[in-house]
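Residue numbers (my numbering): 451 to 705.
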């Protein structure tokens, strides 16, 4: 029954369009974790200074990237779902995306750390180096595809940032668990955005490989955005507390 209602709703939206759809969707994505930020156990609101600093950096870096790629025609936006308004070529919903998604995903990280005991997992230096080199090599090989090449380089830079700012996260099971869990809402939201479609991709600039309606590159884009968000959040959270962060303490507690 639920699937019938969901499919019917999507069909109605797709048929009739709604120029505020994207903006409303991102507001909903933000509203849910925002309302739960005062949970006593997680107390996410106490970390807001670090959260919003991380979001600001993400907004500047990835928002700037988005403006650039939109100007190059790598993707565009369907006016039926975003309306005619643009700021630097991006609709309101796209700007809200870079606020709502990092907030929601950092909230997931905080919840995992609050409710799931952490464990140390092996993550040797050579594995990190292989991942880094693979991303760099892939970025060079696919550089003729603007989206594919640049997103692979961005993942490499995000891995480098993770290693520099929060190396303890490489060996934290909860860090990778939270990262994996964020892909559940990602697939739902991005599936809607690409399935309607709200976002229109120019296949001359990507591999055309899709998982469902979602381009492969979007998964890599999300990975780089999340690694940067998590790394900056943990780094600033540690600095603001003046002591090792919770994950640092847990990580050091295991031999």
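For glycine and all other residues, C-beta sits at the position ideal for the given N, C-alpha and C.
Can you tell which of the options has the C-alpha that lies nearest to the C-alpha of residue i?
{"i": "residue 544", "options": "557, 524, 475, 486", "result": "475"}
{"i": "residue 522", "options": "663, 651, 536", "result": "651"}
{"i": "residue 595", "options": "473, 667, 503, 683", "result": "667"}
{"i": "residue 570", "options": "540, 624, 654, 607", "result": "624"}
{"i": "residue 562", "options": "630, 604, 657", "result": "630"}
{"i": "residue 473", "options": "548, 493, 485, 507", "result": "548"}
{"i": "residue 478", "options": "638, 593, 589, 675", "result": "638"}
{"i": "residue 397", "options": "628, 536, 626", "result": "Because the chain here runs from 451 to 705, residue 397 falls outside it and cannot be looked at."}
{"i": "residue 515", "options": "659, 489, 603, 633", "result": "603"}
Only counting the same chain, and skipping five residues up and downstream in sequence, which positions put a Cβ closer than 6 Å to that of residue i?
{"i": "residue 497", "result": "687"}
{"i": "residue 644", "result": "663, 664"}
{"i": "residue 534", "result": "none"}
{"i": "residue 681", "result": "611, 612, 615, 616"}
{"i": "residue 677", "result": "608, 612"}
{"i": "residue 541", "result": "527, 532"}
{"i": "residue 470", "result": "none"}
Would residue i and residue j qualify as a contact pair, given that the criterion is a beta-carbon distance under 8 Å?
{"i": "residue 647", "j": "residue 528", "result": "yes"}
{"i": "residue 568", "j": "residue 622", "result": "yes"}
{"i": "residue 524", "j": "residue 597", "result": "yes"}
{"i": "residue 685", "j": "residue 607", "result": "no"}
{"i": "residue 517", "j": "residue 538", "result": "yes"}
{"i": "residue 553", "j": "residue 635", "result": "no"}
{"i": "residue 661", "j": "residue 605", "result": "no"}
Could you name the residues of the same chain whose beta carbon sits closer than 8 Å to that of residue i, not counting the 5 residues immediately before and after it, in chain order?
{"i": "residue 690", "result": "499, 500"}
{"i": "residue 459", "result": "For residue 459, the predicted structure reports a pLDDT of 49, less than 50, and the residue's modelled location is therefore unreliable. A value from the coordinates is still provided. Cβ within range, chain order: n/a, list empty."}
{"i": "residue 491", "result": "564, 565"}
Would you please state the rounded distance, in angstroms, between the beta carbons of residue i and residue j? I believe it to be under 8 Å.
{"i": "residue 601", "j": "residue 671", "result": "5 Å"}
{"i": "residue 480", "j": "residue 550", "result": "4 Å"}
{"i": "residue 609", "j": "residue 576", "result": "Their Cβ separation, rounded to whole angstroms, is 13 Å, which puts residue 609 and residue 576 out of contact at 8 Å."}
Within a Cβ cutoff of 7 Å, which residues of the same chain sit near residue i, ignoring the five residues on either side of it in sequence?
{"i": "residue 683", "result": "500, 501, 504, 556"}
{"i": "residue 640", "result": "664, 668"}
{"i": "residue 655", "result": "524, 595, 596, 597"}
Contact between the stretch 507–523 and the stretch 568–585 (3+ Cβ pairs under 8 Å) = With a cut-off of 8 Å, the stretch 568–585 and the stretch 507–523 do not count as touching, because too few Cβ pairs lie within range.
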